Amino acid sequence: MHMKEFKIKWGMVIDIDKCTGCGACMVACQVENNIAPMTKKDPYNYVQALTKDRDDADNKLRTLTWMNVYELSNGKSFPEHEVAYLPRPCMQCGNPACVPVCPVVATDKNEEGGIVSQIYPRCIGCRYCMAACPYHARYFNWWDPLWPEGMDKQLSPAVSPRPRGVVEKCNFCHTRYAKAKDQARENGEDPMNLAEGAYVPACAEICPSGAITFGDLNNPEHKVHELAKSPHAFRLLEKLGLHPQVYYMSKREWVRKQGDNYNAGDKH
Amino acid sequence: MDSKLFPEGVQRCSFGKFLIWSCFILAFFLWGLYAAVLVLYNGIGTTGLDNYFGFGLWITFDLAVIALGAGAFFTGFLKYILKIKQLEKIINLTVIVGFICYSGAMLVLTLDIGQPGRAWFGYWHPNVHSMLTEVIFCITCYCTVLIIEYVPLILEQKQLNKVPFIHALAHNMHVNMALFAGLGTFLSTFHQGSLGGMYGVLIGRPYAFREGFFIWPWTFFLFVISAVGSGPVFTVLVCTFMEKLTGKKLVEYKVKALMGKIAGTMLTVYVFLKILDTWAWATGYLPSVGLTFDDMFYGVAYGKWMMFTEIVLCGVLPAIMLIVPSIRNKPALLYTAALLDCIGVTINRYVFTVQTIAFPAMPFDKWYVYYPNWVEWASSVMIVAYGFLVLSLSYRYLPVFPQERHLNYK
Chain B
1384 MHMKEFKIKW GMVIDIDKCT GCGACMVACQ VENNIAPMTK KDPYNYVQAL TKDRDDADNK
1444 LRTLTWMNVY ELSNGKSFPE HEVAYLPRPC MQCGNPACVP VCPVVATDKN EEGGIVSQIY
1504 PRCIGCRYCM AACPYHARYF NWWDPLWPEG MDKQLSPAVS PRPRGVVEKC NFCHTRYAKA
1564 KDQARENGED PMNLAEGAYV PACAEICPSG AITFGDLNNP EHKVHELAKS PHAFRLLEKL
1624 GLHPQVYYMS KREWVRKQGD NYNAGDKH
Chain W
4 MDSKLFPEGV QRCSFGKFLI WSCFILAFFL WGLYAAVLVL YNGIGTTGLD NYFGFGLWIT
64 FDLAVIALGA GAFFTGFLKY ILKIKQLEKI INLTVIVGFI CYSGAMLVLT LDIGQPGRAW
124 FGYWHPNVHS MLTEVIFCIT CYCTVLIIEY VPLILEQKQL NKVPFIHALA HNMHVNMALF
184 AGLGTFLSTF HQGSLGGMYG VLIGRPYAFR EGFFIWPWTF FLFVISAVGS GPVFTVLVCT
244 FMEKLTGKKL VEYKVKALMG KIAGTMLTVY VFLKILDTWA WATGYLPSVG LTFDDMFYGV
304 AYGKWMMFTE IVLCGVLPAI MLIVPSIRNK PALLYTAALL DCIGVTINRY VFTVQTIAFP
364 AMPFDKWYVY YPNWVEWASS VMIVAYGFLV LSLSYRYLPV FPQERHLNYK
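Chains B and W are the protein sequences, given in the same order.
Our numbering puts the first residue of the first sequence at 1384, with every later residue one more than the last.
Our numbering puts the first residue of the second sequence at 4, with every later residue one more than the last.
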């Protein structure tokens, strides 16, 4: 298998034992990335007004959650019952399932840093990439994005909003990366060797329990470099060979076992 | 009223009757058109699709009609390239059915993609590694070939054909049809395959992923063979349906049985390979990614019954029925086998489209069941109605069946 190698490989290590499932990462992501809230009514579309309403946030299979927190259960009953929370951004796979399938090169993995891009103006909305991604990290704009009166004033100026009919996904807050590199250039530093913390996505920044560590997996000065090698670290669905750049860690074996399928009797 | 437009020497129902029939079909068409307008105006949010099921009824419908429309290229190949003369008695119908299937599939795709205005990006920014790019190339090109094959039939309309230029044009197009049949065979084989390849390459989807030969996963070959194993008998079914509807004999039974034999041979090869493929997938690939055969199925919607129906009831059984001459030569049994065959290939396209993405790869995720809503059904019905209209008009005004006069009036 051919895998593109990068000098810089941005990655995350998410400590599931620290995650409380508060959902702050999801909120931070939505605000940072201009993800429109789900509104039933569309005051600009009269045809819509005459027919069925749009979905509101009740429909979790229609909401756009680049960062989504899943609840894990050990499947046992009280008092042995335990839960864990697993925040799931885009895995920025080393061998992405979504990139080679896109018919129009609207998604690619070719920029230094190894972030899988999504080019909204080029996406035709065929959703083949969504069918390809086993992590469900890709989302489709089912409706026109609408910000209720006043809320549009809070839009992140650097992040382009997306129209209806295109696919989008987590890009590790790529605009923050661009900004961090600009900042480094202004300071006369090497933008290709950012210090720990110079570039942090919104989810990692806001996490109140510090469960998300972000950095360059290839840079020994970054914490993630070591954390990813922890004996408690694992990646989701490693057997499928997608080589995610997002790692998880947990001291609990049952949590680690839920990172992949072991039904065929093979050992962890 | 319009009898001067009928093909030479045949009778058609009265214009009033035809008008009522057309309005009946048109009602379905308009219902679908309303749904299509909603989709284009309000967005795909109006459908039953969601972030777990980005593909659904529309893609299943597309894949199924493209497979069933394979009668056109395969029969064309056998008639023009391998020179099986008998098939000229049904070739026109295969072309029309193929044209309807492909143009219909393209119309559905226009609804299905989120940004229809960008559909041409497949040519402008092609990703040569994507099976879907190849599908876009080939189905648009092949649809053009089908138009080129259909046009001479329109030009042969009795009144049009009186114009010397049109007559000469139709004649010359016929003379060169072997070229287009060859081109169509090439294009069609590839995109039938690429449609299968689309699923086989999904490394993240254990239900569909397959190893393969060079860049083509096994599904590539399976889709080609299953399409040629079902397309010809779909044309037979369409023909028989038209015969029942019009009360006339349109194609002699010998030709239908020949089509059944051709499809049956291909279906036999397909079923054999499909069973091998399923076995290798269940015992080789699945355990290698920590999964079992049982993990791939869930409830009724994604149950094992579907797989057995597809492979045994609608695969092995019709294959046997079609290759055994004594069964194939009995009309009722031939049509039953043909029907089972077409249902089987449709189930195959359905499971590869929907079950593939329904399987929760992440162990902590769960199965969801997808239900298409009325918008998806209506727009699919629109395409079927469109097919009925094209066929009705073609049958009424174009010389589709060269044997019709001979079989009914002499």
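Where a beta carbon is used, it is the ideal one built from N, C-alpha and C, also for glycine.
Computed from a predicted model, the values in this text were never measured in an experiment.
Query: Spatial neighbours of GLY3/W in its chain, beta-carbon cut-off 6 Å, leaving aside the 5 residues before and after; Result: Within the shown structure, residues of chain W are numbered from 4 to 413, placing residue 3/W beyond reach of any answer.
Query: Residue closest to CYS1405/B, alpha-carbon to alpha-carbon, out of ASP1436/B, SER1592/B, CYS1506/B; Result: SER1592/B
Query: Alpha helix (DSSP H) runs wholly inside the stretch 1419-1461 of chain B, at least 4 long, in chain order; Result: 1429-1433
Query: Beta carbon of TYR421/W nearer than 7 Å to that of TYR126/W; Result: In the structure displayed, chain W extends from 4 to 413; residue 421/W sits before or after that span and is not available.
Query: Residues that MET1632/B bridges to, as DSSP identifies them; Result: ASP1398/B, ALA1616/B
Query: Limits of the beta strand (DSSP E) - the one that ALA1567/B falls within; Result: Note, ALA1567/B: premise wrong, no beta strand (DSSP E); alpha helix (DSSP H) at 1557-1569.
Query: Nearest-angstrom Cβ-Cβ length linking GLY46/W and TRP1526/B, presumed shorter than 8 Å; Result: 5 Å
Query: Closest residue to CYS146/W among LEU186/W, LYS252/W, VAL378/W (Cα-Cα distance); Result: LEU186/W
Query: Distance, ALA1611/B Cα to GLN1641/B Cα; Result: 17 Å
Query: Whole-angstrom distance between LEU81/W and VAL236/W, CA atom to CA atom; Result: 14 Å
Query: Sequence ranges, alpha helix (DSSP H) only - wholly within the stretch 1462-1543 of chain B, length at least 4; Result: 1511-1515
Query: Euclidean distance between Cα positions of ALA173/W and LEU156/W; Result: 8 Å
Query: Closer than 7 Å at the beta carbon, the chain B residues around HIS132/W; Result: PRO1483
Query: Cutoff 7 Å: PRO1591/B Cβ touching any chain W Cβ; Result: no
Query: Beta-carbon contacts of VAL1499/B that lie in its chain and below 8 Å, excluding the five residues immediately before and after; Result: CYS1473, GLN1475, CYS1476, PRO1479, CYS1481, VAL1482, THR1490, ASP1491, LYS1492, LYS1552, ASN1554
Query: Pair within 7 Å by beta-carbon distance, GLY74/W and THR192/W; Result: no
Query: Cross-chain neighbours of ASP1527/B in chain W, by beta carbon under 8 Å; Result: GLY46
Query: Listed by chain order, chain W residues near HIS1519/B by CB distance under 7 Å; Result: ASN54, TYR55
Query: Chain-ordered neighbours of LEU1610/B on chain W, where CB pairs are closer than 8 Å; Result: Under the 8 Å cutoff, chain W gives no residues; its nearest Cβ is about 22 Å from LEU1610/B.
Query: Beta-ladder partner(s) of VAL1550/B, from DSSP; Result: PHE1523/B
Query: Bounding residues of the beta strand (DSSP E) (the contiguous stretch that carries GLY1598/B); Result: 1595-1599
Query: Test item: CB-CB of PRO1665/B and ALA1567/B under 7 Å; Result: Residue 1665/B cannot be examined here, being either before or after the span of chain B that is shown, 1384 to 1651.
Query: Contacts around THR49/W, its chain only, beta-carbon distance under 7 Å, and the 5 residues preceding and following it disregarded; Result: LEU41, VAL42, VAL378
Query: Touching by the beta-carbon criterion (3+ pairs, under 8 Å), the stretch 287-298 of chain W and the stretch 270-279 of chain W; Result: no
Query: Rounded straight-line distance, which links the Cα of ILE265/W to that of LEU337/W; Result: 12 Å
Query: Assigned secondary structure, LYS277/W (DSSP; H/G/I helix, E/B strand, else coil); Result: helix
Query: Min CB distance ALA1432/B to chain W below 7 Å; Result: no
Query: Three-state class that DSSP yields for TRP24/W in the structure shown; Result: helix
Query: Option in PHE1523/B, GLU1415/B, LYS1634/B with minimal Cα separation from PRO1614/B; Result: LYS1634/B
Query: Backbone secondary structure at TRP34/W - three-state DSSP; Result: helix
Query: Per DSSP, the bridge partner or partners of PHE216/W; Result: TRP219/W
Query: Among SER1543/B, GLU1609/B, HIS1519/B, VAL1629/B, the one whose alpha carbon lies nearest that of MET365/W; Result: HIS1519/B
Query: Closest residue to LEU1441/B among GLY1458/B, TYR1429/B, LYS1423/B, MET1450/B (Cα-Cα distance); Result: Looking at the sequence shown, residue 1441/B is not Leu but Asp. The option with the nearest alpha carbon to ASP1441/B is LYS1423/B.
Query: Below-7 Å beta-carbon distance, GLY117/W vs any chain B residue; Result: yes
Query: CB-CB length for TRP219/W against GLY196/W, believed under 8 Å; Result: 7 Å
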